[in-house]
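So the protein lines, in turn, are chains A and B.
If you count the first sequence from 1, you need to add 390 to reach my numbering.
If you count the second sequence from 1, you need to add 390 to reach my numbering.
Glycine included, every Cβ here is placed at the ideal spot set by N, Cα and C.
Contents: one structure, followed by commentary.
There are 2 protein chains.
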Amino acid sequence: MLQQKSPTTRTLTRFRTELQDFMRTIRSLRSATALFGWDQETHMPAGAAERRAQQIAALEELIHREFTSPRARHLAERAHHLLPSLPEQDQRMVRLFLREHHRIASLPRRLARELAYTQAIAVESWRHARRRNTFELFAPQLEKLLQLKREQADCYGYAEHPYEALLKLYEPDISLAQVRPLLTSLAQQMQALLDWARRQPAPSTPTFQHPVPCAAQFILGRHLCTAIGLDLQRGRIDYSTHPFCTALAPEDVRITTRCRESDPLMCIYSLLHELGHALYEQHLPAMLAETFAGEGASTAFHEAQALFWEDIIGRSFAFCRWAAPLWRQYFDSSLGTPWHQLTPEELFAAVNRVQPSLIRTEADEVTYHLHIFLRLELELDLLAGSLPVRELPEAWNAGMEHLLGLRPPDDASGCLQDIHWALGDFGYFPSYTLGKLYAAMLWKQLQQELPDVEEAIAAGNFAPILQWLSTRLYAVGALETPSEILQRVAGRTLTAEDFVEYLTAKLEHLYGEPYKR
Amino acid sequence: MLQQKSPTTRTLTRFRTELQDFMRTIRSLRSATALFGWDQETHMPAGAAERRAQQIAALEELIHREFTSPRARHLAERAHHLLPSLPEQDQRMVRLFLREHHRIASLPRRLARELAYTQAIAVESWRHARRRNTFELFAPQLEKLLQLKREQADCYGYAEHPYEALLKLYEPDISLAQVRPLLTSLAQQMQALLDWARRQPAPSTPTFQHPVPCAAQFILGRHLCTAIGLDLQRGRIDYSTHPFCTALAPEDVRITTRCRESDPLMCIYSLLHELGHALYEQHLPAMLAETFAGEGASTAFHEAQALFWEDIIGRSFAFCRWAAPLWRQYFDSSLGTPWHQLTPEELFAAVNRVQPSLIRTEADEVTYHLHIFLRLELELDLLAGSLPVRELPEAWNAGMEHLLGLRPPDDASGCLQDIHWALGDFGYFPSYTLGKLYAAMLWKQLQQELPDVEEAIAAGNFAPILQWLSTRLYAVGALETPSEILQRVAGRTLTAEDFVEYLTAKLEHLYGEPYKR
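Next comes the structure, spelled out in structure tokens:
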């Protein structure tokens, strides 16, 4: 066997420069797409909706064109060839490029175009169907999308179920064989916890149904976010119909919230959720920003940061001790609301109320994972074709009844409630549960390393937490996978144990009773 | 000689499809760049400035890459080949593509990149220099930019002066040999008119220096814009430091204004100016939107629309008859301002005051063209190298003294006042004067065809004007050049006569005196 000559420094330097150039192009296009998306939800004139869908689809087609260009093919060939000669950090970057190249260049242009186009159409169709509360109006687009997603999975390849391939788009280093048993077992544990919780007398809390002007909610939310660490010199907060976070760069991270005057918790906790995404993005190293490593480690790991701040920190008793005086201050008696006397205990009880409900985004920390589990099972059946699209509403409603004891009265509060499927995001939902499991594991580790953390939170001192997250997780961007990060930070692999332990302890505190199954 | 076979329908159809695909890609990239720019001036977090410059430069580099790709080269070759076989409308479209291809693909990538990068740096340097009121801080960047612009002109080719090539970027069918004598002669006529105007007693007008809250100014301005015809279902109005109009598509046209509490005219007339740009964009045919014909006929012709609405309509007596009651209504006595009794005569006098001043954007309709003439002469000398950059401030000040009898006390109110040179926009300034000449010619023709137009304006009925502009001009997008449009609409070629006649008549009305040189 001939020994291969090792590449010259010049070859490597040239490769690195061209790779960086390529990644910079793609990242700029993605920032442009992100700004189109942000603008669409916040400032775009209503009449521009159709054109905007076309503009975004055109940029996505261009991204596909770039990835399938001779330039990218040549880069990928050299990447495979040079990989062994590179130092480890470079290898990681090159693998990210190869993964992304595989994700996109594996799809023929026709499929990429049809996916982009059908998703744009499907979202409009879904909105329409939801407004009209009629699943049948969305069914043909869903059927078409499922067909395209099966084709996409075929392009990537899989052993038994197309879901395996789609799941990897969001969570590259976890398999369906791991996820499904994990979520199934967790669902059972959550049902048991729910049964117990429903037998406990509800702790006292003032009704949160008293109207508060949106401006006051927004200002309290902004105060909380900036006190925790959101940098508004490098970010923004706006209103939108559905809260989201979008990052154009670490220096330009934008979150939104929504407001219902009668429900200030919605505005505030939506903000705390998006804050978690934003802190991650604002702390990604600027020098990675124009590379494929300048993003979160995975979709689930991004959700982990959001749920960490929204739930684990934001719904903790320590946080309520800090936040309750701020609620009293911002929603003072001049607004005529009952919160000018709000106690930490009341706030804690209010933000941790456990009760089955129809809408995932409004679910508590226990029932939330039953919503996810239902979606996972339905996605599996839909993609396999064992559940025909027309039977989805009934399957959804039966699943809700089985898991939560509630039957949605209509499609809008049933299978039409989420936008994900219309966006073609099959395989995304498990990220929420996985994210919560990651978050709980990180929290446990953080508590061990910073034993005084709860006192710091109660004092409004979030710097130690942010510092910990920033150096341990945020600093590596996507250069490590979630498993690698967990292993390095906590020396462990993914488990639901920490989450169950965390949640049980919190509910025991809330009800003043030890948990018994 | 062999007879060439005429291309098959199939060849032509395929060419058309590929051309459309290419133009759609470029237009989407330009919409993305436009949104980056709009956002930068309106909503972007301060800390993102440097990154944004890089993101925009990356998209511009990508546009250059697309134009120099084998795909574009192949399209251009076929375009030259097929041109004679195409129907006229298609020929026009293909010529627009070839012109744009020539503009961009003639520049080597190194130059395109250096231009984009140097412009981004130069703008920051200019802002800094203006804040510090020190031209020397900007001089090195200006020097560098001039060098690059000379190189750019060399790439396009010219007979005697690089300015010839640069002027064509903004006004493709007018030559320097036409523009320079036209602007020189106009400057002389404006100086004579100014001398006469300054000898007239100033008509009475209340001081406009009384503070009005910005919200009230904004709402009056928005009322005027929507009453005239701005469609806010397909557009927006925001605040920015410098007013501008940007169009992402005919369905998404955005204008901005600025507000100084003590000077409501600034906010209102900035809006009317941008309104003119926006009406043009909103009325461009939607089916041209993804092609190179879906824009204004030229930079000057775009300015013509802005100046038409701002000056010719907005500063007419008929307009003041309609608008004065609205000023009284929106700035009522509860604001403590003197305008709750404003008469049309007072408004007319206020918006037509002639007085030499230092700042171009605040100049009246007479002295404005002296500002432009000065810039044209300085640009010519700077590009030729006969005026060294370091001598620019003194040349500027001497020119101001010669033309307007005013000597700027510093660089900020002198040669640092405009952003254009920092953006590399040498050759742009004449567009303002040319635009005004176009506007006056269009106005004369419109008056002949719609003899009751002034009564319609006074009654707030702008539909006939908009209808006239829309069918005569806006409907062709860039498929005709300004000269072709003028020829078709008015059967004439460009002249300053109509403008001088229009302005003289207005000032005679204002002063109640016939003009005597």
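Can you check whether the C-beta of residue i is within less than 9 Å of a C-beta belonging to chain B?
i, result
"F457/A", "no"
"L419/A", "yes"
"E451/A", "yes"
"A605/A", "no"
"L963/A", "Residue coverage of chain A in this structure runs from 391 to 907, which leaves residue 963/A outside it and unanswerable."
"L622/A", "yes"
Output, in chain order, the set of chain A residues within a Cβ distance shorter than 7 Å of residue i.
i, result
"F682/B", "Ordered by position in chain A, no residue passes the 7 Å Cβ test against F682/B, which lies about 15 Å from the chain."
"L674/B", "Near L674/B there are no residues of chain A at all, since even the closest Cβ is about 12 Å away, more than 7 Å."
Is the CB of residue i under 9 Å away from at least one CB in chain A?
i, result
"H433/B", "yes"
"D771/B", "no"
"G619/B", "no"
"A679/B", "yes"
"L869/B", "no"
Please say whether residue j and residue i have beta carbons closer to each other than 9 Å?
i, j, result
"W786/B", "P798/B", "yes"
"A868/B", "F682/B", "yes"
"L425/B", "L638/B", "yes"
"L465/A", "H491/A", "yes"
"R404/A", "E451/A", "no"
"Y818/A", "Y560/A", "yes"
"P571/B", "A690/B", "no"
"M483/B", "L409/B", "yes"
"R648/A", "H632/A", "yes"
"P596/B", "L725/B", "no"
"K539/B", "P530/B", "no"
"S437/A", "D642/B", "Checking the displayed sequence, the identity of residue 437/A turns out to be Gly instead of Ser. Going by C-beta atoms, G437/A is nearer than 9 Å to D642/B."
"R644/A", "T636/A", "yes"
"M413/B", "F525/B", "no"
"A606/A", "F721/A", "yes"
"E784/A", "Q444/B", "no"
In chain D, what lies closer than 8 Å to residue i by C-beta?
i, result
"E641/A", "The structure shown contains no chain D; the protein chains it does contain are A and B."
Using the Cβ count rule (16 or more neighbours within 10 Å means buried), how would you classify residue i?
i, result
"R878/B", "exposed"
"L900/B", "buried"
"L396/B", "Note that residue 396/B is Ser in the sequence shown here, rather than Leu. The residue is exposed, with fewer than 16 neighbouring Cβ atoms inside 10 Å."
"D544/A", "exposed"
"H761/B", "buried"
"A549/A", "exposed"
"L665/B", "buried"
"I564/A", "buried"
"E839/A", "exposed"
"K558/B", "buried"
"A510/B", "buried"
"M790/A", "buried"
"P591/B", "exposed"
"L473/B", "exposed"
"I847/A", "buried"
"K896/B", "buried"
Give the residues of chain A in contact with residue i, contact being defined as C-beta atoms less than 9 Å apart.
i, result
"A495/B", "The premise fails here: A495/B is roughly 17 Å from chain A at the closest Cβ pair, so nothing lies under 9 Å."
Below 8 Å on C-beta distance, what does residue i contact in chain A?
i, result
"F691/B", "The contacting residues do not exist; F691/B stays about 24 Å from chain A at best."
Going along chain B in order, which residues have a C-beta closer than 7 Å to the C-beta of residue i?
i, result
"G625/A", "P435"
"R415/A", "It is worth fixing the name first, because residue 415/A is Thr in this sequence and not Arg. Residues of chain B passing the Cβ test: A448, L452."
Under 8 Å between beta-carbons, which chain B residues line up against residue i? List them in chain order, please.
i, result
"Q445/A", "S418, S421, A422, L638, A639"
"D429/A", "L425, D429"
* Entirely enclosed alpha helix (DSSP H) segments - the region 396–450 of chain B, minimum 4 residues -> Counting only runs of 4 or more, we get 399–432.
* Asked: What runs of the alpha helix (DSSP H), each 4 residues or longer, lie entirely inside the region 822–857 of chain B?
  -> Counting only runs of at least 4 residues, the region 822–857 of chain B fully encloses the following alpha helix (DSSP H) elements, listed from N- to C-terminal order: 843–848.
* Only counting runs of 4 or more residues, tell me where the alpha helix (DSSP H) segments fall wholly within the region 730–808 of chain B, in order along the chain. => Within the region 730–808 of chain B, the complete alpha helix (DSSP H) runs of at least 4 residues are 734–741, 758–774, 782–794.
* Every unbroken alpha helix (DSSP H) within the region 663–707 of chain B, with a cutoff of 4 residues, ordered by chain -> Correct list: 689–697.
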